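Those letters in the sequence shown? Residues 1 to 955, by the UniProt record's numbering. This report refers to the structure that appears directly beneath it.
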Amino acid sequence: MLMVIKIFKYSMDGSDDDVIIIDEKISYTLVSPSKIHEIKKQAIENFKETIRNSLVKNSNDDSHQHIKNTANVGYNGIGRTSSSKDDIDLASNTSSVTSNYVVNELPPREKLNTGLVSNSVGNVNTSTSFHNIIKDLVPTIIVKSENKSDEYSINPNHDTLLSNSIIVDSEKQRRFSVTTPELKLFSSELKATSKEEPSPKNQLKLSYQLSQSPNKFVDISEYMEGIPHFPHKKKRSPKKSPLKASPKRFLKNKFSSKCNLQNKREISKVLNFNEHLMPCTSKEEVISPEKNNSKKNEPHYDQTMLDVYCTQFKTLLYDSILNFPHIFNLEEIKVIKSFCDHSTLSKKLYIRMFTRKFTWHRVSDIKYEEIAQDLSEVFHELEFRDYVSSDYSKEELNVLFDMLKAAEVKTLCKEFHLQDSCGTKLKHVQILLKYVTSQRTLSGTSDSKTILRKRIAGMLGHCIKLCDIPREIFRRVLMVYTLPQQQITENDLYVQLLMMHSVQRGTTKFPEYSVLKTGHIFISRNEAVMFQKAYELRQSLQEAIVRKDWKVAQNITFTASEEFRLVLQDNAQTSRARELPFFLRRFTSGSIYAHALNEGIDTLKKDKRFLVECVTLLEMLIDQDIYLLHYRGFWYEKLALLLQHHLHNATQAADVIIKAMNDSHVNEVQQYTINSRGLKLHDLKKGGLNKSMKRKLYHNLNEVLDSPPNITIKAKSVPSYGAGLKRVYIEEDEVEHTTTYSSVEEFALSYYKKQGFIRGQHTEGSIIISLYGLLFWDVIYETPVQNVYQSSYQSYPLDFNYPEFYHNRKDIIENKLKEIKNMSSELIQNLVRERYEKYGDVTSIVNWDRLPRINFLLPLVVSLGPKLLAKICERLIRNYRMARSGFPDLLVWSPNQLKFKFVEVKGPNDHLSDNQILWLDFLSNAGADVEVCHIKTTGSRSAKRTKTTDAQNDT
Numbered sequence: 001m002l003m004v005i006k007i008f009k010y011s012m013d014g015s016d017d018d019v020i021i022i023d024e025k026i027s028y029t030l031v032s033p034s035k036i037h038e039i040k041k042q043a044i045e046n047f048k049e050t051i052r053n054s055l056v057k058n059s060n061d062d063s064h065q066h067i068k069n070t071a072n073v074g075y076n077g078i079g080r081t082s083s084s085k086d087d088i089d090l091a092s093n094t095s096s097v098t099s100n101y102v103v104n105e106l107p108p109r110e111k112l113n114t115g116l117v118s119n120s121v122g123n124v125n126t127s128t129s130f131h132n133i134i135k136d137l138v139p140t141i142i143v144k145s146e147n148k149s150d151e152y153s154i155n156p157n158h159d160t161l162l163s164n165s166i167i168v169d170s171e172k173q174r175r176f177s178v179t180t181p182e183l184k185l186f187s188s189e190l191k192a193t194s195k196e197e198p199s200p201k202n203q204l205k206l207s208y209q210l211s212q213s214p215n216k217f218v219d220i221s222e223y224m225e226g227i228p229h230f231p232h233k234k235k236r237s238p239k240k241s242p243l244k245a246s247p248k249r250f251l252k253n254k255f256s257s258k259c260n261l262q263n264k265r266e267i268s269k270v271l272n273f274n275e276h277l278m279p280c281t282s283k284e285e286v287i288s289p290e291k292n293n294s295k296k297n298e299p300h301y302d303q304t305m306l307d308v309y310c311t312q313f314k315t316l317l318y319d320s321i322l323n324f325p326h327i328f329n330l331e332e333i334k335v336i337k338s339f340c341d342h343s344t345l346s347k348k349l350y351i352r353m354f355t356r357k358f359t360w361h362r363v364s365d366i367k368y369e370e371i372a373q374d375l376s377e378v379f380h381e382l383e384f385r386d387y388v389s390s391d392y393s394k395e396e397l398n399v400l401f402d403m404l405k406a407a408e409v410k411t412l413c414k415e416f417h418l419q420d421s422c423g424t425k426l427k428h429v430q431i432l433l434k435y436v437t438s439q440r441t442l443s444g445t446s447d448s449k450t451i452l453r454k455r456i457a458g459m460l461g462h463c464i465k466l467c468d469i470p471r472e473i474f475r476r477v478l479m480v481y482t483l484p485q486q487q488i489t490e491n492d493l494y495v496q497l498l499m500m501h502s503v504q505r506g507t508t509k510f511p512e513y514s515v516l517k518t519g520h521i522f523i524s525r526n527e528a529v530m531f532q533k534a535y536e537l538r539q540s541l542q543e544a545i546v547r548k549d550w551k552v553a554q555n556i557t558f559t560a561s562e563e564f565r566l567v568l569q570d571n572a573q574t575s576r577a578r579e580l581p582f583f584l585r586r587f588t589s590g591s592i593y594a595h596a597l598n599e600g601i602d603t604l605k606k607d608k609r610f611l612v613e614c615v616t617l618l619e620m621l622i623d624q625d626i627y628l629l630h631y632r633g634f635w636y637e638k639l640a641l642l643l644q645h646h647l648h649n650a651t652q653a654a655d656v657i658i659k660a661m662n663d664s665h666v667n668e669v670q671q672y673t674i675n676s677r678g679l680k681l682h683d684l685k686k687g688g689l690n691k692s693m694k695r696k697l698y699h700n701l702n703e704v705l706d707s708p709p710n711i712t713i714k715a716k717s718v719p720s721y722g723a724g725l726k727r728v729y730i731e732e733d734e735v736e737h738t739t740t741y742s743s744v745e746e747f748a749l750s751y752y753k754k755q756g757f758i759r760g761q762h763t764e765g766s767i768i769i770s771l772y773g774l775l776f777w778d779v780i781y782e783t784p785v786q787n788v789y790q791s792s793y794q795s796y797p798l799d800f801n802y803p804e805f806y807h808n809r810k811d812i813i814e815n816k817l818k819e820i821k822n823m824s825s826e827l828i829q830n831l832v833r834e835r836y837e838k839y840g841d842v843t844s845i846v847n848w849d850r851l852p853r854i855n856f857l858l859p860l861v862v863s864l865g866p867k868l869l870a871k872i873c874e875r876l877i878r879n880y881r882m883a884r885s886g887f888p889d890l891l892v893w894s895p896n897q898l899k900f901k902f903v904e905v906k907g908p909n910d911h912l913s914d915n916q917i918l919w920l921d922f923l924s925n926a927g928a929d930v931e932v933c934h935i936k937t938t939g940s941r942s943a944k945r946t947k948t949t950d951a952q953n954d955t
């Protein structure tokens with residue numbers, strides 16, 4: 001029998017390792033660099049001997065004699081490995097293989113993407129047939145002799161050697177690789193089989209980012225035809241990403257705990273209302289329906305997800321009445337209690353309708369078989385209790401037309417002899433509206449509009465819409481219950497209910513903290529109602545902006561401006577707002593209107609007629625000092641830009657800049673941006689300032705920061721034809737005969753790897769922020785501060801994004817910073833390890849998904865050092881909102897040499913932002929090694945262009 005060995009390319013922790021697969025259990029041997037050549041040579045010689053002996057022994061075919069003593073076996077695998085014992089001893093003539101070595105056992109197939117590999121020392125002893133080994137491991141083995149014309153291929157379906165033929169079974173060919181956050185430059189690999197020696201064009205790779213998100217990059221399908229696993233772009237439009245309030249986005253992004261949901265499939269199963277729930281047997285288990293209904297012995301609940309939502313919604317209602325009774329009047333409390341007394345079917349149906357678009361719905365189109373086959377009786381119950389309405393007789397014709405299908409509108413045109421066979425629904429509606437406004441019946445007793453309404457009613461049948469009063473009450477309940485997250489819309493209901501259920505079952509955990517309330521955020525029902533009104537207005541504005549309906553958005557902006565003026569004129573509201581700390585003022589109607597104006601001004605600027613109104617609104621926002629003080633820098637900048645470039649008033653623009661530079665509420669980044677604009681205005685010659693104004697402006701400006709160290713790397717790129725798509729870069733390795741297609745950051749990672757930084761991540765600060773969370777966990781979550789925790793579902797305190805976070809804990813923070821600065825490497829490693837292991841399944845500011853495994857994280861902590869970490873943490877603590885963005889793209893380090901570097905990567909025509917400049921300057925002054933890496937494109941590689949050039953050379 002025959003034993004097969006094949007060496008695959010296996011990547012882990014930023015390096016390429018040789019992995020020898022010796023049986024169908026897929027065990028991996030990792031050896032030291034000094035043993036690489038010896039083990040390769042020994043493995044190949046054993047393999048040659050095994051093939052030679054088996055073929056001679058088991059067959060009399062003359063063609064087998066073509067294999068000579070110098071036969072070669074093609075393999076992939078060049079790189080560095082970890083550790084091993086002396087050698088590998090493989091039996092040549094039997095199916096038994098015994099070897100002592102350090103083994104890395106790969107987890108089951110479904111866990112390949114977790115990047116977790118356990119180490120053990122032991123023996124591998126397996127017996128299996130040649131056919132099974134070939135079938136499971138290597139679909140096609142190529143054996144080459146000295147004579148290149150004689151090549152042989154063994155196919156798993158045939159135990160015979162075929163002369164002068166190549167058999168490739170690409171469907172069964174497996175790719176063995178482990179996705180780890182530490183590695184960004186591994187990919188699917190083309191294992192070419194041809195009669196010629198492999199060339200660089202035969203070995204193609206996709207980087208991690210390209211393989212995960214190909215639609216974000218330039219189309220490179222014409223270069224990647226040979227890669228079987230290449231995710232070719234589909235011609236149809238990509239699926240839209242979930243909305244911000246989508247439960248899928250909530251499950252995927254909101255909770256970064258390791259043990260939550262594993263993949264998108266499980267998210268879909270969680271949201272499946274028809275499936276039954278499985279009991280949770282461990283903390284890693286996810287809410288998941290029964291996968292196989294044929295398993296009769298498996299216990300399951302008779303409860304569906306809709307039952308869960310119904311139960312949690314009832315809990316939410318009761319808690320709101322108990323904790324916030326002052327924001328509901330007696331009639332509203334009766335509505336809430338009445339709903340709780342409804343039948344189970346009516347409650348389920350109302351919850352489903354509550355989460356749908358607030359409009360009219362045709363009962364015939366509503367299908368919820370998990371509730372009832374016939375929903376008409378359930379709707380009648382809700383209508384009888386005044387929770388839904390079926391009277392649409394007072395609606396405008398436009399609303400009724402929206403409820404009709406296109407074919408029905410076309411039928412109406414036929415009946416009124418207004419047929420336009422080529423028209424769309426919108427065109428047919430316009431024809432009908434024009435007709436009913438100009439025609440009357442011959443009898444004169446009834447106009448055509450009434451006739452049309454009756455005809456539409458006959459087509460629509462029974463329609464329902466949620467009644468306004470109960471809906472507003474339930475939205476207020478949702479608002480006060482989810483106030484820290486501001487999940488107030490109907491789409492947020494499922495998110496909140498699912499989170500409550502997940503916490504109740506223990507699959508989602510929040511940090512342990514003390515809820516210390518000194519009073520209610522809303523002290524009266526009137527405050528809550530005003531906040532709800534403002535929130536709904538801002539939501540309408542945001543929806544109009546998404547639709548790019550600028551006229552509607554501009555009208556809403558003017559409405560918000562009038563409401564904001566009324567708030568500023570109301571002394572009771574402004575006095576109440578001044579009493580609140582800054583981090584609680586965002587829960588006032590004034591803050592919501594101010595935020596709506598901040599977004600709406602950009603829509604007004606699209607119309608030159610409204611430029612003066614934009615200036616007026618910005619001045620109104622700046623003149624008040626109560627709401628959204630952290631936005632003042634943005635308002636100064638917008639106002640200076642409008643005055644200088646649109647209204648051509650440089651003097652007023654200079655006054656605005658001077659005022660901004662002396663405003664204590666303008667943070668460091670905003671001030672730097674305004675300072676840069678002031679320097680440009682100062683140096684402006686045409687249409688600039690007079691001498692006295694120039695001197696005044698100059699005395700209020702700061703000097704420009706020194707440029708950070710920078711290097712330039714030359715790189716080839718794929719031609720870019722699509723606007724908004726990221727450029728793809730090409731890296732060719734003549735040693736490994738590979739061509740790698742990668743993003744600009746991954747190309748830079750590959751460069752720094754060659755410079756000795758064997759580990760690196762494209763994190764944009766996520767590792768540093770997570771380290772900050774681990775080091776200051778006790779300060780963030782265990783320090784008692786009043787009113788910063790309002791509910792049991794907070795992943796951080798309410799003042800976390802405000803300067804008040806530092807001021808409320810000043811003494812504790814200063815002592816903690818001194819403690820970290822004086823820590824030894826061993827102590828700080830122990831602290832990080834302890835909290836990593838203790839809180840790894842808790843939803844917090846720590847991004848567990850982006851954080852490397854602990855054995856990769858600790859060497860980085862040692863490399864950075866306690867003093868630098870303390871300085872970085874201090875900047876994050878003082879103003880997290882400002883400092884959380886702008887961090888350098890890459891963090892590369894070498895555990896052996898204890899060196900690291902922060903790198904900001906810039907492609908062609910890309911420049912440093914103000915926040916990035918300030919972070920680089922801060923890190924450099926703190927003693928860190930920083931660098932700006934510019935990627936310069938030296939030439940675009942085009943397959944079509946190459947073919948044309950070759951043809952011209954041939955002629």
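Ideal Cβ placement from N, Cα and C applies to all residues, glycine included. As the structure is a computational prediction, the values presented were derived from the model and not from experiment.
Within 9 angstroms, strictly: CB atoms of residue i and residue j
i              : j                 : result
tyrosine 836   : leucine 857       : yes
isoleucine 622 : cysteine 614      : no
valine 503     : serine 792        : yes
valine 429     : phenylalanine 384 : no
C-alpha distance - residue i paired with residue j, whole-angstrom precision
i                 : j              : result
phenylalanine 610 : threonine 616  : 10 angstroms
proline 867       : aspartate 914  : Here the sequence assigns lysine to residue 867, which means proline is not the residue at that position. Computed Cα separation, rounded: 25 angstroms.
proline 865       : asparagine 675 : Correcting the residue type first, residue 865 is glycine in the shown sequence and not proline. Looking at the two C-alpha atoms, the distance is approximately 34 angstroms.
isoleucine 26     : isoleucine 854 : Caution is warranted here: a pLDDT of 34 is assigned to isoleucine 26, below 50, making its placement in the model unreliable, and the coordinate value is therefore given only provisionally. Those two C-alpha atoms are separated by around 26 angstroms.
asparagine 830    : lysine 606     : 56 angstroms
aspartate 374     : alanine 457    : 21 angstroms
serine 376        : tyrosine 309   : 22 angstroms
lysine 357        : lysine 414     : 31 angstroms
methionine 459    : asparagine 555 : 34 angstroms
Pick from the options that is closest to residue i, judged by C-alpha positions
i                 : options                           : result
leucine 681       : His645, Leu705, Phe800 and Ser514 : His645
isoleucine 780    : Thr763, Asp799 and Gly519         : Asp799
glutamine 790     : Phe587, Asn855 and Ala928         : Phe587
histidine 417     : Ser742, Leu426 and Leu432         : Leu432
residue 965       : Leu891, Lys427 and Thr938         : Any question about residue 965 goes unanswered here, given that the chain covers just 1 to 955.
phenylalanine 634 : His648, Leu705, Val669 and Asp625 : Val669
DSSP three-state assignment for residue i, whether helix, strand or coil
i             : result
glutamine 652 : helix
glycine 886   : coil
lysine 685    : coil
glutamate 904 : strand
histidine 934 : strand
aspartate 18  : In this prediction, aspartate 18 has a pLDDT of 38, which is less than 50 and means its spatial position is unreliable; nothing more can be read from the coordinates.
Cβ neighbour criterion (16 or more within 10 Å) applied to residue i
i             : result
glutamine 755 : exposed
tyrosine 729  : buried
threonine 482 : buried
cysteine 340  : exposed
glutamate 619 : exposed
aspartate 889 : buried
glutamine 569 : exposed
residue 957   : Here the chain comprises residues numbered 1 to 955, so residue 957 is not present and cannot be evaluated.
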